[in-house]
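Visitor: Numbering (the UniProt record's numbering), first residue to last: 1 to 35. Note that CB positions come from ideal geometry on N, CA and C, so glycine has one too. In this text, all values refer to a predicted model and were calculated from it rather than measured experimentally.
#1: Keeping to the same chain, check which residues put their C-beta closer than 7 angstroms to that of residue 8; ignore five residues upstream and five downstream.
#2: I'd like the list of long-range same chain contacts for residue 2, defined as Cβ closer than 8 angstroms, with 5 residues on each side in sequence excluded.
#3: In this structure, does DSSP put residue 4 in helix, strand or coil?
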């Protein structure tokens, strides 16, 4: 059985930053492709 433990705030913030960075890269790539 999988035990889920909450991440510490710092790790959560780091994850959010990484996700937003990936989204920014993806949207930039999509913009370049659509051009």
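Guide: Let's see:
#1: none
#2: none
#3: coil
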